[in-house]
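Scroll down for the structure; my scribbles are underneath it.
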Amino acid sequence: MENACKPHVLAVPFPGQGHINPMLQFSKLLVSKGIKVTFAITLFTAKSMQTETGLVNIELFSDGCDEGGILEAGSLDAYFERFKTIGSENLAKVIERQESSDFPFKCLMYDSCMPWCLDIAKELGLVGVSFYTQSCSVNVIYYHVYHGLLSTPVQGVSAVSMPGMPLLEISDLPTFLLNSESNISYLKFVADQFSNIDQADWLVFNTFHKLENEVVNWMLNELPTRTITVGPTLPSKYLDKRGEGDDNYGINLIKPDRRTCINWLDTKKTGSVVYVSFGSFLSLQEQQMEEIAWGLEKSGKYFLWVVRAEEEQKLPSKFREEYMSTSVSLPDKGLIVKWSLQLQVLAHPSVGCFITHAGWNSTLEGLSLGVPMVGIPIGSDQTTNIKFVEDVWRVGVRGKVDEKGIIRREEIERCIREITEGEHGEDMRRNVEKWKELAKEAVDEGGSSSKNIQHFVDSLLCS
Ligand code: UDX
23 MENACKPHVL AVPFPGQGHI NPMLQFSKLL VSKGIKVTFA ITLFTAKSMQ
73 TETGLVNIEL FSDGCDEGGI LEAGSLDAYF ERFKTIGSEN LAKVIERQES
123 SDFPFKCLMY DSCMPWCLDI AKELGLVGVS FYTQSCSVNV IYYHVYHGLL
173 STPVQGVSAV SMPGMPLLEI SDLPTFLLNS ESNISYLKFV ADQFSNIDQA
223 DWLVFNTFHK LENEVVNWML NELPTRTITV GPTLPSKYLD KRGEGDDNYG
273 INLIKPDRRT CINWLDTKKT GSVVYVSFGS FLSLQEQQME EIAWGLEKSG
323 KYFLWVVRAE EEQKLPSKFR EEYMSTSVSL PDKGLIVKWS LQLQVLAHPS
373 VGCFITHAGW NSTLEGLSLG VPMVGIPIGS DQTTNIKFVE DVWRVGVRGK
423 VDEKGIIRRE EIERCIREIT EGEHGEDMRR NVEKWKELAK EAVDEGGSSS
473 KNIQHFVDSL LCS
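Quick note on numbering: this note's numbering labels position 339 of the sequence shown as 361, and the sequence is numbered without any gaps.
Structural data, given as structure tokens:
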């Protein structure tokens with residue numbers, strides 16, 4: 023029988039793949055340490071769920087957009103308005119329903135981009151925890167924007183100086199800081215993550231201390247709240263030195279290819295495959311997609327490419343005809359799937375290079391699993407992440423764009439060779455191995471993230 027004194031956490035992710043994965047993984051860690059967690063999923067998200075949450079309970083609620091999620095609302099602003107009115111009310115009901123049970127909620131953990139959830143926590147007397155899914159460095163930049171310490175749009179300067187970071191050129195800044203006109207609601211969305219943090223009880227970051235050492239130190243000094251780093255929030259199977267444990271990761275909102283990728287990778291030599299993926303929702307320009315295709319072909323390397331269904335039509339016809347996983351016989355040179363189990367792929371010994379948009383999860387996953395990267399950032403925080411990949415952690419290169427903003431096939435080929443061949447490639451492989459070890463160290467017993475998580479758990483158990 024479950025211990026009736028177990029503290030109960032209600033976890034509320036922003037309904038996007040890159041936000042759900044790290045919060046669910048953190049929730050699983052809490053469960054493994056004796057905390058009960060219920061994961062609140064919107065009705066629309068639940069319709070797309072392809073995999074289970076394991077030991078974390080699920081509670082479905084309506085955010086007011088049950089048929090189409092954010093698309094149904096029409097814009098991010100409109101979505102948040104509905105969430106604030108309808109979603110918040112429904113979340114409060116979920117909490118109130120539980121009040122008379124054996125496990126009333128004690129804590130509300132919410133995605134940092136939905137800061138109004140803290141009002142629900144405070145109103146109902148719960149511990150309020152803001153969970154950040156982007157790097158600490160990117161968050162420090164947004165913190166500066168929120169406090170007016172960095173005015174936007176950033177213009178008339180060639181570089182920006184931020185605490186604990188190398189000088190950031192304009193092209194290294196999160197793109198929301200540049201064209202404020204078209205990005206105004208996104209900028210507000212990311213800056214507002216800091217709007218009420220003085221009332222939050224904990225700020226939780228999916229990074230690890232040594233990875234962003236100076237920035238984390240600055241943050242710890244600056245923020246009034248209990249600020250902790252808890253990452254990387256990957257399943258212990260991949261990080262634990264004994265290589266055991268649960269290997270389910272996040273929830274897949276797209277049906278993943280389970281066996282074809284791995285069977286295909288099994289036929290390839292160590293480090294010989296380039297894995298290509300651009301995250302869960304961003305879209306590439308058709309011309310960029312073509313350049314990537316021909317760049318892969320020119321490199322002569324094996325490739326495994328995730329092309330989501332809605333992007334498939336942008337592939338050159340040769341690629342659609344020859345490399346799709348649905349082909350009658352499995353292609354040899356390249357394989358294209360609609361969605362992979364990304365951690366299994368990155369952890370596979372055949373994968374030696376990761377072409378990525380550098381979303382924070384993908385960046386942290388590549389680094390923690392020891393795969394050097396080629397960055398083709400599309401927008402948002404990815405430009406900053408790839409700056410760190412290239413110049414701070416030295417585990418990858420950023421593709422250079424031409425005057426039309428496209429990374430050409432020759433450049434893609436050059437980047438792949440830079441990673442897989444020559445002295446620079448060897449340096450990057452050595453560096454990424456070092457970061458992989460440090461990531462493991464952070465989550466192993468006595469490591470920085472592990473101690474922080476225990477500290478958080480103890481506070482829930484004792485209060
Ligand atoms: C977005 C932003 O880009 C990111 O910077 C932000 O911090 C969170 O939201 P997304 O663009 O989807 O996320 O990229 P990313 O952060 O890399 O997250 C994608 C997730 O989907 C990763 O956890 C990755 O492992 C997973 N994935 C991706 C798969 O499981 N299979 C795939 O085929 C592709």
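For every residue, glycine included, the Cβ atom is placed at its ideal position computed from N, Cα and C.
Cα separation between residue 164 and residue 212? Taking the sequence shown and counting its residues from 1, one reaches residue 164 at position 142. Taking the sequence shown and counting its residues from 1, one reaches residue 212 at position 190. Going from the Cα of residue 164 to the Cα of residue 212 covers about 6 Å.
Tell me whether the beta-carbon of residue 474 lies closer than 8 Å to the beta-carbon of residue 272. In the sequence shown, the residue the question calls residue 474 occupies position 452. In the sequence shown, the residue the question calls residue 272 occupies position 250. No, these two residues do not count as a Cβ contact at 8 Å.
Cβ pair count under 8 Å reaching 3, the stretch 46-62 against the stretch 247-261: Yes: at least three Cβ pairs fall under 8 Å.
Does the stretch 92-102 touch the stretch 123-134, meaning 3 or more C-beta pairs lie closer than 8 Å? no
Same chain only: Cβ atoms within 7 Å of residue 355, ignoring 5 sequence neighbours per side: For the purposes of this step, residue 355 is identified with residue 333 of the sequence shown, where counting begins at 1. Hits under 7 Å: 324.
The ligand UDX heavy atom lying under 7 Å from the CB of residue 333: Indexing the sequence shown from 1 puts residue 333 at position 311. Every heavy atom of the ligand UDX is 7 Å or more from the Cβ of residue 333, so no.
Taking Cβ positions, are residue 493 and residue 373 nearer each other than 8 Å? This structure cannot settle anything about residue 493, because the visible part of the chain is limited to 23 through 485.
Taking a contact to mean a Cβ-Cβ separation below 8 Å, would you say residue 240 touches residue 162 in this structure? As a working note, residue 240 is residue 218 in the sequence shown. As a working note, residue 162 is residue 140 in the sequence shown. Contact: yes.
Along the chain, where does the alpha helix (DSSP H) containing residue 253 start, and where does it finish? Walking along the sequence shown from the start, residue 253 turns up at place 231. Neither: residue 253 is in no alpha helix (DSSP H) and is coded neither H nor E.
Give the range of the alpha helix (DSSP H) segment to which residue 166 is assigned. On the sequence shown, residue 166 is found 144 positions in, with the first residue counted as 1. It spans 158-168 - the alpha helix (DSSP H) in which residue 166 sits, taken as one unbroken run.
What I want to know is whether the C-beta of residue 307 ends up closer than 7 Å to one or more non-hydrogen atoms of the ligand UDX. Translated into positions along the sequence shown, residue 307 becomes position 285. No, since every heavy atom of the ligand UDX falls outside the 7 Å radius drawn around the Cβ of residue 307.
Just checking residue 155 against the ligand UDX - is the residue's beta carbon closer than 7 Å to any of the ligand's heavy atoms? For the purposes of this step, residue 155 is taken as residue 133 along the sequence shown, with counting starting at 1. Yes, Cβ of residue 155 sits closer than 7 Å to a heavy atom of the ligand UDX.
If we cut at 8 Å on Cβ distances, does residue 216 have a partner in chain E? Protein chain content of the structure displayed is limited to a single chain, and chain E is not contained in it.
Per DSSP, residue 325 forms a beta bridge with which residues? The sequence position of residue 325 within the sequence shown is 303, counting from 1. For residue 325, which the question treats as bridged, DSSP gives the partners 296, 356.
Residues of its chain near residue 128, where Cβ-Cβ distance is below 8 Å and the 5 sequence neighbours each way are ignored: In the sequence shown, the residue the question calls residue 128 occupies position 106. Excluding sequence neighbours, residue 128 sits near 29, 30, 31, 148, 149, 482, 485.
Whole angstroms are fine: how far does the CA of residue 176 sit from the CA of residue 342? By one-based count along the sequence shown, residue 342 stands at place 320. By one-based count along the sequence shown, residue 176 stands at place 154. Approximately 41 Å, taken between the alpha carbons.
From which residue to which residue does the beta strand (DSSP E) around residue 30 run? Numbered from 1 along the sequence shown, position 8 holds the residue referred to as residue 30. First-last of the beta strand (DSSP E) with residue 30: 30-34.
Using C-beta distances below 7 Å, list every residue in its chain close to residue 392, excluding the 5 sequence neighbours before and after it, in chain order. Sequence index remark: in the sequence shown, residue 392 carries index 370 (1-based). Only 454, 455, 458 meet the Cβ criterion.
Could you tell me if the beta carbon of residue 215 falls within a distance shorter than 7 Å of some heavy atom in the ligand ATP? The ligand content of the structure shown is limited to the ligand UDX, which means the ligand ATP is not among them.
Cβ distance (whole Å) where residue 361 is taken to contact residue 279 below 8 Å: Along the sequence shown, read from residue 1 onward, the residue named residue 361 stands at position 339. Along the sequence shown, read from residue 1 onward, the residue named residue 279 stands at position 257. Residue 361 to residue 279, Cβ: 6 Å. Contact.
Quick check: what's the CA-CA separation for residue 33 versus residue 84? For the purposes of this step, residue 33 is taken as the residue at position 11 of the sequence shown. For the purposes of this step, residue 84 is taken as the residue at position 62 of the sequence shown. Rounded to whole angstroms, residue 33 to residue 84 spans 15 Å at the Cα level.
So what's residue 174 in DSSP terms, helix, strand or just coil? Residue numbering aside, residue 174 sits at position 152 when the sequence shown is read from its first letter. DSSP places residue 174 in coil when its eight states are reduced to three.
Can at least three beta-carbon pairs, one atom from the stretch 407-416 and one from the stretch 299-316, be found at a separation below 8 Å? Output reads no: the stretch 299-316 does not touch the stretch 407-416.
Find the nearest neighbour of residue 228 within the set 377, 37, 390, judged by alpha-carbon distance. Locating residue 228 in the sequence shown gives position 206, where the first residue counts as 1. The candidate whose alpha carbon is nearest that of residue 228 is 390.
Tell me the start and end of each unbroken beta strand (DSSP E) in the stretch 362-447 that is at least 3 residues and wholly inside, in chain order. 373-378, 395-397, 418-420
Please report how far the alpha carbon of residue 365 lies from the alpha carbon of residue 387, in whole angstroms. Locating residue 365 in the sequence shown gives position 343, counting from the first residue. Locating residue 387 in the sequence shown gives position 365, counting from the first residue. The alpha-carbon atoms of residue 365 and residue 387 are separated by roughly 7 Å.
By a C-beta neighbour count over all protein chains shown, 10 Å radius and 16 as the cutoff for buried, is residue 377 buried or exposed? Locating residue 377 in the sequence shown gives position 355, counting from the first residue. With 16 or more other Cβ atoms within 10 Å, it is buried.
Helix or strand or just coil, what does DSSP make of residue 114? Position 92 of the sequence shown holds residue 114. Helix, per DSSP.
Relative to the alpha-carbon of residue 199, which residue among 230, 167, 218, 144 has its alpha-carbon at the smallest distance? As a working mapping, residue 199 is identified with position 177 in the sequence shown. Taking only the C-alpha atoms, the option nearest residue 199 is 167.
DSSP-derived helix/strand/coil call for residue 7: The chain is shown only over 23 to 485; residue 7 falls outside these bounds and no answer can be derived.
Quick check on the DSSP output: the alpha helix (DSSP H) that includes residue 286 runs from which residue to which? In the sequence shown, residue 286 corresponds to position 264, counting from 1. Run containing residue 286: 282-288, per the alpha helix (DSSP H) assignment.
What does a CB cutoff of less than 6 Å around residue 462 pick up in its chain, not counting 5 residues either side in sequence? Locating residue 462 in the sequence shown gives position 440, counting from the first residue. Hits under 6 Å: 261.
Would you check whether the ligand UDX has a heavy atom nearer than 7 Å to the C-beta of residue 363? On the sequence shown, position 341 is the one that residue 363 refers to. Checking every heavy atom of the ligand UDX against the Cβ of residue 363, one is found closer than 7 Å.
Would you mind listing the beta strand (DSSP E) stretches within the stretch 119-148 that are 3+ residues and don't spill past its ends, in chain order? 127-133
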